[in-house]
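Notes follow once the structure below has been shown.
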Amino acid sequence: MTPRSPATDTARNVLGPDFAGAVHIPGDPGYDEARTVFNSMIDRRPAVVAQCAGEADVARALRFAREEELEVAVRGGGHSVAGMALSEGGLVVDLRRMSTVDVDREARSARVGGGATMSDLDRATQPYALATTGGRVSTTGVGGFTLGGGSGWLERAFGLACDNLLAAEVVTADGSTVHASAQENPELFWALHGGGGNFGVVTSLTLRLHDLPAMSMALLLFRPENGPEAVRTYRNVMESAPDAAGGACIYITGPPEEWVPEAMVGRLVCAVLVTCAGTEAELREVAAPLLALEREAEVIDAIPYADLQCMLDDPPGMRNYWSAEYLDGFPDEAAAAFCAAAATMPVPSGSQHVLFPMGGAVARGPADYPLPWRSSPWAVHPFGVWESEAGDEEAKQWVRRVRGDFVPWASGAVYLNFIGREGQERVVAGFGEHAYERLSRVKARYDPDNVFHLNHNVKPAVAEV
Ligand SMILES: Cc1cc2nc3c(=O)[nH]c(=O)nc-3n(C[C@H](O)[C@H](O)[C@H](O)COP(=O)(O)OP(=O)(O)OC[C@H]3O[C@@H](n4cnc5c(N)ncnc54)[C@H](O)[C@@H]3O)c2cc1C
Numbered sequence: 002m003t004p005r006s007p008a009t010d011t012a013r014n015v016l017g018p019d020f021a022g023a024v025h026i027p028g029d030p031g032y033d034e035a036r037t038v039f040n041s042m043i044d045r046r047p048a049v050v051a052q053c054a055g056e057a058d059v060a061r062a063l064r065f066a067r068e069e070e071l072e073v074a075v076r077g078g079g080h081s082v083a084g085m086a087l088s089e090g091g092l093v094v095d096l097r098r099m100s101t102v103d104v105d106r107e108a109r110s111a112r113v114g115g116g117a118t119m120s121d122l123d124r125a126t127q128p129y130a131l132a133t134t135g136g137r138v139s140t141t142g143v144g145g146f147t148l149g150g151g152s153g154w155l156e157r158a159f160g161l162a163c164d165n166l167l168a169a170e171v172v173t174a175d176g177s178t179v180h181a182s183a184q185e186n187p188e189l190f191w192a193l194h195g196g197g198g199n200f201g202v203v204t205s206l207t208l209r210l211h212d213l214p215a216m217s218m219a220l221l222l223f224r225p226e227n228g229p230e231a232v233r234t235y236r237n238v239m240e241s242a243p244d245a246a247g248g249a250c251i252y253i254t255g256p257p258e259e260w261v262p263e264a265m266v267g268r269l270v271c272a273v274l275v276t277c278a279g280t281e282a283e284l285r286e287v288a289a290p291l292l293a294l295e296r297e298a299e300v301i302d303a304i305p306y307a308d309l310q311c312m313l314d315d316p317p318g319m320r321n322y323w324s325a326e327y328l329d330g331f332p333d334e335a336a337a338a339f340c341a342a343a344a345t346m347p348v349p350s351g352s353q354h355v356l357f358p359m360g361g362a363v364a365r366g367p368a369d370y371p372l373p374w375r376s377s378p379w380a381v382h383p384f385g386v387w388e389s390e391a392g393d394e395e396a397k398q399w400v401r402r403v404r405g406d407f408v409p410w411a412s413g414a415v416y417l418n419f420i421g422r423e424g425q426e427r428v429v430a431g432f433g434e435h436a437y438e439r440l441s442r443v444k445a446r447y448d449p450d451n452v453f454h455l456n457h458n459v460k461p462a463v464a465e466v
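In short: position in the sequence shown from 1, add 1, done, that's the working numbering.
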């Protein structure tokens, strides 16, 4: 148990009287829940978890942390695979109570609290048949997701989540509030398009919404021996598909669900998912070559977008280790490597071996954002998920091996939200060298002491003398 320090003891007193949220210190009944994140491998004991109810709480918590010299972590959805939402012995600015979503139907935008989840956002916009690109799991935080870029089923139609960021409120390290938009503080606004939580606590984001009158999907299951043909066919389909189409090829352990044949449950399965921001008839037209293949099971249907967003929700309490490579192309040899790597994926487990198509509005988005991977046509995302410590080495080695397998096609630029801590070189590659330097200058202006360093960290530029 973390010993109570003077800081933990004074936290409640100092933050207490005017703090609208809740303060948890070691020994409190809510403390363990407050320090639990998605990846159960992360077991850190902060000195203070400040569950903020609004901007003023955030500013107060940041000032307190600085006075007490506590390391600061910022928590949105708690989905960072490296557990960047928690500090050992420091103070966590926990935003989960700030989850309100206000939809402006006329303006076609939503103002989203810095601690809202994808589910909060999708459920709020759905009644208006409006949506924006969101993460593929409903419990992911809109904040960490969007600030890192934001990739989801709708990205080929509507761009990355950050391409839809219209404005943000940011509480900076000294506790002041800064509004960022294309008109106000434009350099900070630019940096929030992929630069992550490096510049302050984003207490609200305003996102552009798009009309989404219909959504549909086809989930097709193939035996592993038929995987290569299915994967190549999916590639061919996506290379000429309209922007409305998306999806993924995902090797998984066959789930125990009614529509899955018993022989596939608990075994390696190649799943091909085609999503369509359109009707089932439009989906069937796009997916026709895949629907001509022999398969073991399928679900093809219209589906409300917010329901599609929950379809891959993982149970909490699992161990996680992931990585990714963004590819310059996906020739037959790469497809063969992708399918071969599936054969070594630990099964049964919750692991997923994913191939995402990019392109469409992602590739056409602003080229100067710190997202050099946006021009890659394909991404491979080995997503290790397993239950117990005994599986740690096997899962990690599998993920690292997959990365190695894709070196021949990798662009080197990687989406940082899809990886854990892989060293500063990967961080710079994730932003691009030129953009990293620009981010460093923004960092020097808004967070010169690098208070916000529990992230894919941008070091503040050193002023020239
Ligand atoms: C099951 C699962 C599925 C996922 N699927 C996708 C996907 O489909 N597409 C995709 O792009 N990514 C996906 N991700 C990755 C996800 O986008 C990143 O892990 C993201 O950083 C999570 O944000 P969070 O707020 O949930 O996490 P946290 O761990 O709370 O935060 C992550 C980082 O962002 C910072 N941060 C969070 N909120 C704020 C804020 N409001 N202000 C300032 N800094 C903040 C934190 O300090 C931390 O450094 C997935 C993750 C998981 C676990």
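Idealized CB from N, CA, C, for every residue including glycine. A quick note: this is a predicted structure, and the numbers were derived from the prediction, not measured.
Classified as buried, residue 95 has 16 or more neighbouring CB atoms from the shown chains inside 10 Å of its CB. Per the coordinates, the alpha-carbon of residue 204 lies some 44 Å from the alpha-carbon of residue 341. Between residue 281 and the set 302, 70, 259 and 447, the nearest pair of CA atoms involves 302. With respect to the 7 Å criterion, residue 77 and residue 99 are not classified as neighbours on the basis of their beta carbons. At a cut-off of 3 residues, not a single continuous stretch assigned as beta strand (DSSP E) sits fully inside the stretch 404 to 452.
Within the chosen limit of 6 Å, ligand 1 does not reach the beta carbon of residue 272 with any heavy atom. Straight through space, the alpha carbons of residue 180 and residue 156 are spaced by roughly 26 Å. Looking from the CA of residue 405, the closest CA among 364, 324, 421 and 438 belongs to 324. Residues 131, 132, 133 and 159 of the same chain have their beta carbon placed closer than 7 Å to that of residue 211, with the five preceding and five following residues left out of the count.
Between the stretch 291 to 298 and the stretch 253 to 263, the count of C-beta pairs closer than 8 Å reaches three or more; the two stretches touch. Counted as a single uninterrupted DSSP element, the alpha helix (DSSP H) harbouring residue 146 occupies residues 143 to 148. In this structure, the beta-carbon distance from residue 375 to residue 363 falls below 7 Å. With a beta-carbon spacing of about 7 Å, residue 199 and residue 458 fall inside the 8 Å limit used to define contacts.
Here residue 61 is not near residue 47, since their CB atoms are 7 Å or more apart. Between residue 337 and residue 273, the gap from beta carbon to beta carbon reaches 7 Å or more. By the neighbour-count definition (other C-beta atoms within 10 Å, threshold 16), residue 371 is a buried residue. Per DSSP, residue 187 is one residue of the alpha helix (DSSP H) stretching across 187 to 192. Membership of residue 228 in the alpha helix (DSSP H) is indicated by the continuous run 228 to 240.
Judged by DSSP secondary structure, residue 358 falls within the beta strand (DSSP E) whose first and last residues are 353 to 358. In terms of side-chain proximity, the C-beta atom of residue 454 is found no nearer than 6 Å to any non-hydrogen atom of ligand 1. If one requires a minimum length of 4 residues, the alpha helix (DSSP H) runs lying completely within the stretch 165 to 226 are 187 to 192, in chain order. No Cβ-Cβ contact shorter than 7 Å links residue 414 with residue 322.
Here residue 403 really is in contact with residue 354; their C-beta atoms are around 7 Å apart, less than 8 Å. As computed with DSSP, residue 321 is found in a beta bridge with 386. In this structure, the CA atom of residue 449 is about 14 Å from the CA atom of residue 73.
The nearest non-hydrogen atom of ligand 1 is 6 Å or more from the C-beta of residue 320. In the three-state reduction of the DSSP assignment, residue 399 falls in the helix class. Note that the C-beta distance between residue 176 and residue 45 is not below 7 Å. Residue pairing of residue 285 in beta bridges, as defined by DSSP: absent, with no partner found.
In this chain, the beta strand (DSSP E) harbouring residue 73 covers 73 to 76. The DSSP-derived three-state label of residue 161 is coil. According to the DSSP assignment, residue 32 belongs to the alpha helix (DSSP H) that extends over 32 to 35. With a cutoff of 7 Å on beta-carbon distance, residue 12 and residue 49 are scored as near each other. The beta carbons of residue 59 and residue 202 sit closer together than 7 Å. Between residue 111 and residue 126 a beta carbon distance of about 6 Å is seen, short of the 8 Å cut, so the two are scored as contacting.
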